[in-house]
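Trainee:
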Amino acid sequence: MSLASHLDELQRKHGDIEREIDDAMNHPSVDDLEIVNLKRRKLAIKDAIEKLRAQPTTH
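Structure, rendered in structure tokens:
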């Protein structure tokens, strides 16, 4: 998998989790722990994106 496609996939997952968080926060029956776990996953993906972007590119 190329770096660009890997970044695209991570960004897609990040957006998906962001939508899940928004949906969960709009439903009062959703457990706060579930929201915390989603936010942790989102942060982990963001960290992975930043790590990949910081890598020097080779051509």
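Residues 134 to 192 (this note's numbering) are what the sequence shown spells out, left to right.
The C-beta atom is built at its ideal place from N, Cα and C for all residues, glycine as well.
Bear in mind that the values here come from a model prediction, so they are computed numbers and not experimental data.
Return the first residue and the last residue of the alpha helix (DSSP H) that Asn-170 is part of.
Mentor: Walking along the sequence shown from the start, residue 170 turns up at place 37. Asn-170 -> alpha helix (DSSP H) spans 165–187.
Trainee: Expressed to the nearest angstrom, what Euclidean distance is found between the alpha-carbon atoms of Glu-167 and Lys-175?
Mentor: If you number the sequence shown from 1, residue 167 lands on position 34. If you number the sequence shown from 1, residue 175 lands on position 42. Looking at the two C-alpha atoms, the distance is approximately 12 Å.
Trainee: If you run the structure through DSSP and keep just helix, strand and coil, what is Ser-138?
Mentor: One-based indexing of the sequence shown puts residue 138 at position 5. Ser-138: helix per DSSP, three-state reduction.
Trainee: Give me, in chain order, the residues of the same chain whose beta-carbon lies closer than 8 Å to that of Lys-172; leave out the 5 immediate sequence neighbours on both sides.
Mentor: The count along the sequence shown starts at 1 and reaches residue 172 at position 39. Once the five neighbours on either side are set aside, the close Cβ partners of Lys-172 are Ile-154.
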